[in-house]
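Chains as they are written, first to last, in my numbering: chain U, 76 to 343; chain B, 76 to 343; chain X, 76 to 343; chain F, 76 to 343. Note sheet for the following structure.
Protein chains: 4
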Amino acid sequence: MNIRKRLFIVIFGTNTPAGKAFDVALLFAIIISIIAVMLESVSSLESRFGSVFRIVEWILTVAFTLEYLTRIYVTDRKTKYIFSFYGLIDLLSVLPTYLSLVFTGTQYLLVIRALRLLRVFRILKLGRFVGEGEQLSEALKASRHKIVVFLGSVLTLVIIMGTVMYLIEGGENGFTSIPRSVYWAIVTLTTVGYGDIAPQTILGQTIASFVMIMGYAIIAVPTGIVTVEMQKVKSAIAASQNNCPHCGSVGHDEDANYCKFCGEPLED
Amino acid sequence: MNIRKRLFIVIFGTNTPAGKAFDVALLFAIIISIIAVMLESVSSLESRFGSVFRIVEWILTVAFTLEYLTRIYVTDRKTKYIFSFYGLIDLLSVLPTYLSLVFTGTQYLLVIRALRLLRVFRILKLGRFVGEGEQLSEALKASRHKIVVFLGSVLTLVIIMGTVMYLIEGGENGFTSIPRSVYWAIVTLTTVGYGDIAPQTILGQTIASFVMIMGYAIIAVPTGIVTVEMQKVKSAIAASQNNCPHCGSVGHDEDANYCKFCGEPLED
Amino acid sequence: MNIRKRLFIVIFGTNTPAGKAFDVALLFAIIISIIAVMLESVSSLESRFGSVFRIVEWILTVAFTLEYLTRIYVTDRKTKYIFSFYGLIDLLSVLPTYLSLVFTGTQYLLVIRALRLLRVFRILKLGRFVGEGEQLSEALKASRHKIVVFLGSVLTLVIIMGTVMYLIEGGENGFTSIPRSVYWAIVTLTTVGYGDIAPQTILGQTIASFVMIMGYAIIAVPTGIVTVEMQKVKSAIAASQNNCPHCGSVGHDEDANYCKFCGEPLED
Amino acid sequence: MNIRKRLFIVIFGTNTPAGKAFDVALLFAIIISIIAVMLESVSSLESRFGSVFRIVEWILTVAFTLEYLTRIYVTDRKTKYIFSFYGLIDLLSVLPTYLSLVFTGTQYLLVIRALRLLRVFRILKLGRFVGEGEQLSEALKASRHKIVVFLGSVLTLVIIMGTVMYLIEGGENGFTSIPRSVYWAIVTLTTVGYGDIAPQTILGQTIASFVMIMGYAIIAVPTGIVTVEMQKVKSAIAASQNNCPHCGSVGHDEDANYCKFCGEPLED
């Protein structure tokens, strides 16, 4: 086995001790890099430790760049990796620092920096969490049509409610425009309730109460959707694990030796 | 097939490519019209682009009017359509603009405009989302009695809690009347929590804590109701796929071996 | 059938047309009475319509008193009714108005008035909602031990978190005492979030973030408890409806004629 | 039976009347002690009843110390008890008062005092609630991997959203640094919504609306996870009640006719 193949197993694999160690080290490097970006934005820390943050950033950027190039080198399907989700994230997570040399506009630099935070998704590649994550996303994918219908209804509701409140409360009570009133309706329906805009008239408060109770009841809908889909994914996994060669029944437990319906032995 | 029948399929149908294209175009027209109404309410935009908004509004109103008249022309059951839910919404969504010519009172005009936003419901007619929407509304319909009992209990609770808080906190702490205190109780129980009215006395804060924890626990009730009903709707759909080869009846459980109506064995 | 028995059926029964009409009339009287009490607390309405509210209150109090006395007269088990939950509520809902004649202290009078609002529970006696309400309360009763454990854990958590925040933030940031900090912890954990007390230090905001995410995840627990219990109540009702005389299996659908497991006819 | 064994049954057991009485007494002592600590932090009460609180604290500390020493004396596995969870809590719940004699720094003293509140966990040892608590914690333990994936996703989301809002809103609107913006994102996503930091720009409010609706939908995920796991724990308990008369194995499904381990028919 040549070096290229060994590196592939270490960098892309997660089963060998070396592969695991690499992933954990990468995880820590990403977290340190994110913390450095976050702390750099605190002006009091920036003025005192600014140079430290920049050194950490450059060291990690160079390390991530080397890692990115190694990934391209060791993989056989280079084009597929480069244009895969993680390939693009890997590239985007090192570009901003290099771009900061060319473009001196701090504002723009910071916008691109935010994308580096997406690197944290690589954490999810670690070991046993992937299976659980897939179960979750499968359940969410199965309920996506219902969720679109749900979000569409919620959106219609907040637009109508926002417009009604704009007409009732008016600009003097903070409802200065329909978009701002719709923003208030979302803040209220989702039970966030900042309190920066709040109804002052009795009619407005009555309608707001109605929106709140509705929001309180509506939350049952996405919960119900996701719970039912998760139950189904769980059942499907359980059912697919074992079927009786005699009567064809499925859904036997993993530890079953005999069919629970006809009593014949199970094969696996 | 004459033109009238063809138009009917395009306008009312959703299965042909032309019908689909028509629905998508209608959807975009509605969204543009809603955005125009919303942006018109922002005073800074109104002063600069006011005439653009009015032109967009008039063009779309004329288009929707033509669409409405065509719908009446092509359908065979004209009276049924006109007085159906969507028929009335179609009419109400064009009326306000025409009324704005006669009545110059801006306030009244805007009130009627809000109804145009209901047009967005037509989105739900698009393709595959209808089935999902029907599943959702069936589950909600099945749980409506439980939801009425639940809402009744919540209403009783907020009236009692609001009155108690009115007596404890009094007008000097913002609880100026029982209706206002009930409004506070709803804001708190639904976990919205604006903070415009908040208890100041120790006894008031203790009772408020009680209301909050109760609100936090009570939300489990509608969630449980809807989840159980959705599970049932899902099972009913699954059951309707298992049918008896002897008597043709449907609705057998997935694990049934014999038809529950005629006693003959099920095939699958 | 004498008058006493007929009155009993009208007042206590809900199946005859007269009984139904009586209940609906009672319902409206209670709602009017509650609205009168609520509006009386609004000072601007009190000064203008105060005498109207007092007349409505006296008329309804006399009517409810007559109703209460009739209930005692027509029922055979008088003592049982008087000391039953609804019997006590019926009495307590008329007493405050009479007591207001003797005790002139407005404060005390108002405290007792609040109890009249409990009358609204009588609404729940109306027809078909009782069954649904019983299903709900059965599910809640079955999960009461789990809910006590849950509430105990939440209480422990908010006490510890409140104390920690009191030590970190201190009086100058609004956390003036442990009880007040515990109040803050409840406001935060239940996701109410008034904003009257909010952490100012970085450490305080970090711990607050932890409390919020925990509160967000913890809400899953009562929801899970209640959903599972409701599912169980539903299944128990379904299962108890039908059992096979041949193989003893239960859980057959209401419309089943033959056992779905052994194919033998069901008896009922 | 000697005194040591009898004391063991009273102190560690919960089945005898004496054991029950001891636990209830202990529970009250813990609650009184916690209330004393909490009230001592209220400055107005401290100045008036400060000495009372200190006397209560010393009496209860001595009582808890005696209880702790007796527990060590009566148990056979002394080392195991001392280093068990409850053993450590028992020790930590008396230490702070003694330490307050040596170290005069009031601040530090109070920090350690907070740990005494953990004593309340001993309440959970009382009788029948343990089983329910174990069911809850078993369900939570089974869903821990999914919850880690969920919390990781939420954390990634709030970091990205916080950074985006920091760039859009900037310091002048309260988003002074990325950590503070992340704090805002957590406050918003969890629907707490203090309102101490709230977006002011239109783009900021639009993104905030997106975060709110997402937070509103995301809460369905932990709820779904916990509900499904609870259902499973419940089913497992039900299954453990069905056991094979031939091989004695348990865990058969309720609808099983034959033992899944040995193939012999099940009796029930």
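All C-beta atoms in this analysis are idealised placements derived from N, C-alpha and C, irrespective of residue type, glycine included. This structure is a prediction, so every number in the text was calculated from the model and none was measured.
Going by DSSP, U/Tyr156 is part of the alpha helix (DSSP H) stretching over 153 to 157.
Residue state for B/Ser228 is assigned as helix, using DSSP reduced to three classes. B/Gly299 has its alpha-carbon roughly 7 Å from the corresponding atom of X/Met305. Around the Cβ of U/Ala100, a 10 Å sphere holds fewer than 16 other Cβ atoms; the residue is exposed. Within chain B, the residues placing a beta-carbon under 7 Å from that of U/Thr302 are Thr302, ordered along the chain. Taking a beta-carbon distance threshold of 8 Å, B/Thr266 counts as an interface residue toward chain X. For B/Gly125, the number of other beta carbons within 10 angstroms of its own is below 16, and it is reported as exposed. Considering only F/Trp259, F/Ser284, F/Gly290, F/Ile84, the residue with the shortest C-alpha distance to F/Val229 is F/Gly290.
The C-alpha of B/Phe97 is placed about 10 Å away from the C-alpha of B/Thr91. When the alpha-carbon of B/Leu278 is set against those of B/Ile243, B/Arg79, B/Leu120, B/Gln210, the nearest one is in B/Ile243.
In the displayed model, F/Val239 falls within a helix according to three-state DSSP. Taken atom to atom, the span from the alpha-carbon of U/Val301 to that of F/Thr302 is near 10 Å. Using a Cβ-Cβ cut-off of 7 Å, X/Gly270 is close to Gly270 of chain B, given in chain order. Apart from sequence neighbours up to five positions away, the residues of its chain that approach F/Glu142 with a beta-carbon distance below 8 Å are Ile86, Leu101, Asp165, ordered along the chain. Pairing F/Thr238 with F/Ser256 gives a Cβ-Cβ distance under 8 Å. Taking a Cβ-Cβ cut-off of 8 Å, the neighbours of B/Ile222 in chain U comprise Ala292, given in sequence order. Taking the Cα positions, U/Lys216 is about 16 Å away from F/Lys221. Listed along chain B, the residues sitting closer than 8 Å to F/Thr298 by beta-carbon distance are Thr298. Between U/Met287 and B/Val223, the CB-CB gap reaches or exceeds 8 Å.
Under the 8 Å Cβ criterion, the segment 109 to 117 of chain U counts as touching the segment 125 to 135 of chain U, having at least three qualifying pairs. The Cβ neighbour count for B/Trp133, taken over all protein chains shown within 10 Å, is under 16; the residue is labelled exposed. When B/Arg123, B/Thr172, B/Gly268, B/Ser168 are compared, the shortest CA-CA separation from B/Ala283 is found for B/Gly268. Residues of chain X with a Cβ closer than 9 Å to the Cβ of F/Val239 do not exist; the shortest Cβ-Cβ separation is about 18 Å. Straight across, the Cα-Cα distance linking B/Tyr241 with X/Glu121 is about 16 Å. At a cut-off of 8 Å between C-beta atoms, B/Ser116 counts as an interface residue with respect to chain U. Unbroken alpha helix (DSSP H) runs of no fewer than 4 residues, entirely contained in the segment 120 to 165 of chain X, are found at 153 to 157, following chain order. Within its own chain, the residues whose Cβ lies closer than 6 Å to the Cβ of F/Glu213, once the five positions on either side in sequence are excluded, are Val308, listed in chain order. DSSP, read as helix, strand or coil, puts X/Asn77 in coil.
Shown here, X/Thr302 sits in a helix according to DSSP, grouped into three states. The three-state secondary structure of U/Ala260, taken from DSSP, is helix.
Here the alpha carbon of F/Tyr173 sits roughly 12 Å from the alpha carbon of F/Phe139. With 16 or more other Cβ atoms from the protein chains shown falling within 10 Å of its own Cβ, B/Phe225 counts as buried.
The beta-carbon of X/Ile288 is placed less than 8 Å from the nearest beta-carbon of chain F.
In the structure shown, X/Gly290 adopts helical secondary structure according to DSSP, grouped into three states. The C-alpha of F/Tyr148 lies about 41 Å from the C-alpha of X/Ala292.
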